[in-house]
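There are 2 protein chains.
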Amino acid sequence: MSVQERKQRERAERERLIVATARELAEQQGWDAVTTRRLAERIEYSQPVLYSHFRGKREIIGAVALEGAAELAGAVRAAASAADGPRERVAALARAYLDFAARNPAVYDALFQLDGGLAYAREDTPEPLKDAFAALLEVLGGVAGDGVHPGLFTETFWGALHGLATLTRAGRLPPEDAERRTALLVDRLAVV
Amino acid sequence: MSVQERKQRERAERERLIVATARELAEQQGWDAVTTRRLAERIEYSQPVLYSHFRGKREIIGAVALEGAAELAGAVRAAASAADGPRERVAALARAYLDFAARNPAVYDALFQLDGGLAYAREDTPEPLKDAFAALLEVLGGVAGDGVHPGLFTETFWGALHGLATLTRAGRLPPEDAERRTALLVDRLAVV
DNA sequence: TCGATTGTCTAGCGGTGCTAGGATCCGGGT
DNA sequence: ACCCGGATCCTAGCACCGCTAGACAATCGA
Numbered sequence: 000m001s002v003q004e005r006k007q008r009e010r011a012e013r014e015r016l017i018v019a020t021a022r023e024l025a026e027q028q029g030w031d032a033v034t035t036r037r038l039a040e041r042i043e044y045s046q047p048v049l050y051s052h053f054r055g056k057r058e059i060i061g062a063v064a065l066e067g068a069a070e071l072a073g074a075v076r077a078a079a080s081a082a083d084g085p086r087e088r089v090a091a092l093a094r095a096y097l098d099f100a101a102r103n104p105a106v107y108d109a110l111f112q113l114d115g116g117l118a119y120a121r122e123d124t125p126e127p128l129k130d131a132f133a134a135l136l137e138v139l140g141g142v143a144g145d146g147v148h149p150g151l152f153t154e155t156f157w158g159a160l161h162g163l164a165t166l167t168r169a170g171r172l173p174p175e176d177a178e179r180r181t182a183l184l185v186d187r188l189a190v191v
Numbered sequence: 000m001s002v003q004e005r006k007q008r009e010r011a012e013r014e015r016l017i018v019a020t021a022r023e024l025a026e027q028q029g030w031d032a033v034t035t036r037r038l039a040e041r042i043e044y045s046q047p048v049l050y051s052h053f054r055g056k057r058e059i060i061g062a063v064a065l066e067g068a069a070e071l072a073g074a075v076r077a078a079a080s081a082a083d084g085p086r087e088r089v090a091a092l093a094r095a096y097l098d099f100a101a102r103n104p105a106v107y108d109a110l111f112q113l114d115g116g117l118a119y120a121r122e123d124t125p126e127p128l129k130d131a132f133a134a135l136l137e138v139l140g141g142v143a144g145d146g147v148h149p150g151l152f153t154e155t156f157w158g159a160l161h162g163l164a165t166l167t168r169a170g171r172l173p174p175e176d177a178e179r180r181t182a183l184l185v186d187r188l189a190v191v
């Protein structure tokens, strides 16, 4: 039995290698450069091996997205818990979110821009995605204001952050005013 | 001389046909389906003809984007001018913007999601893009609030709208609450 | 030790954006 | 009226893409 277990371990290890390599390559040269041929070469296996782990490239993107969701949730929670007061917690959350998007553009794309074959905002949504939204809700739900549904407020705030993140990174917004825009958003949206 | 003029006209007409066909195909089947081969077949010319008008696929996307920018600016101005009072004008703008994104997803993608090779937020930004931003600024600049730069406020509001538009259309946000999220955004961000 | 199963690779399919080079057509000068 | 030269367009092909069939080798259980 231990032989099978070793093989299983090695197989799981190789799967992690695939995801990590895809992520690394995407961060270095963009997702367009993540082709199955290049990816296979980097992990020193042939192309078909990828398809014994994932249905296709889309699922690899999805795996990177799930990894990123967990990290994003962690970053948001860490930033929020290190801040004092509701207003400051929301500001810290916004900064952490935008910082994550700026520092991990490829992962952010996998999460919210590309098609990773994941279900969002549904019952069968993967746990890491639900948890990332929950991390936002924990902080933002407290500043929704009277009569405003916490979930709805979180969705709106998140949408606003997402818009700033993508437009800034795509060069649609001048990057030098990013912090002032964030501050404006926090001041106006959050009810403290 | 008139022969040359006729040829120029026909050439310009064919260029419009290419852009219109690309847009139509993209709205029908998504940008992935807009391949140079399919596009060439639809306009009943061979592939290389496309390259005598545009440097490549990217420039075709850019042309669709510019067309869309003009329409978006028009839609926003029309909606705003038909509304009474600053608060209602902002709400009408937001509805018009999101409506445009929902009704013309491919064009919206060409504008803000895909790479059309256009320069944004710079001096050499094409006029239609500047004008679309100007259309937002005309309305939103008036509700920025004291001490807040109108341009910065417009950028922030636009970013928020963009986030809601993309997340909703990508299935990241439940569509049924779209209007409530928009209303929340308008109420909190606009100072009337 | 043998047979079966599992694992991996080579080779190839149909598709992509893009381009080189040859054919064809047509206006303008003699 | 004719023929030349340039503009115009198409056929064919390049390198690459995601993905897969089928051959081959290595390994396990009997």
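Chains as they are written, first to last, in numbering that gives the first Met the number 0: chain A, 0 to 191; chain B, 0 to 191.
C-beta atoms are modelled at their ideal positions from N, C-alpha and C, and glycine is treated no differently.
Item: C-beta neighbour in chain A for ARG158(B), strict 7 Å; Value: Here residue 158(B) turns out to be Gly, not Arg, going by the sequence shown. Yes, GLY158(B) lies at the interface with chain A (some Cβ there is under 7 Å from its Cβ).
Item: Three-state secondary structure (DSSP) of GLY170(B); Value: coil
Item: Alpha-carbon spacing of LYS56(A) relative to GLY158(A), whole angstroms; Value: 27 Å
Item: Test: ALA67(B) CB closer than 7 Å to a CB of chain A; Value: Here residue 67(B) is Gly; the residue named in the question, Ala, does not match the sequence. No, GLY67(B) lies away from the interface with chain A (no Cβ there is under 7 Å from its Cβ).
Item: Chain B within 7 Å of PRO173(A), Cβ atoms only; Value: yes
Item: Local Cβ density within 10 Å of HIS161(A), reported as buried at 16 or more and exposed below that; Value: buried
Item: Minimum Cβ-Cβ distance from ARG168(B) to chain A less than 7 Å; Value: no
Item: 8 Å CB neighbourhood of GLU58(A) in its chain, flanking five on each side removed; Value: GLY115, GLY116
Item: N- and C-terminal bounds of the alpha helix (DSSP H) containing THR181(B); Value: 177-188
Item: First and last residue of the uninterrupted alpha helix (DSSP H) at GLU43(A); Value: It is not in any alpha helix (DSSP H) - GLU43(A) carries neither H nor E in the DSSP assignment.
Item: Partners in chain B for ASP176(A), counting only beta-carbon separations shorter than 8 Å; Value: LEU151, GLU154
Item: Three CB pairs or more closer than 8 Å across the stretch 127-135 of chain A and the stretch 126-139 of chain B; Value: no
Item: With 16 other Cβ atoms within 10 Å as the buried cut-off, status of GLU122(A); Value: exposed
Item: Chain B within 7 Å of LEU135(A), Cβ atoms only; Value: no
Item: Cβ-based neighbour list, LEU16(A), same chain, cut-off 7 Å, excluding 5 preceding and 5 following; Value: ILE42
Item: Buried or exposed by the 16-neighbour rule on C-beta atoms within 10 Å, applied to THR34(A); Value: exposed
Item: Three CB pairs or more closer than 8 Å across the stretch 85-101 of chain A and the stretch 164-184 of chain A; Value: yes
Item: Exposure of ILE60(B), with buried meaning 16 or more beta-carbon neighbours within 10 Å; Value: buried
Item: Proximal residues of chain B, C-beta to C-beta of TYR119(A) below 7 Å; Value: GLY170, ARG171
Item: Of the residues ARG10(B), ALA105(B), HIS148(B), the one placed nearest ASP31(B), counting alpha carbons only; Value: ALA105(B)
Item: Integer Cβ distance of ARG37(B) from VAL63(B), believed to fall under 8 Å; Value: That belief does not hold up - the Cβ atoms of ARG37(B) and VAL63(B) are roughly 15 Å apart, past 8 Å.
Item: Environment of ASP145(B) [buried if 16+ CB atoms lie within 10 Å]; Value: exposed
Item: Same chain only: Cβ atoms within 7 Å of GLU192(B), ignoring 5 sequence neighbours per side; Value: Because chain B here runs from 0 to 191, residue 192(B) falls outside it and cannot be looked at.
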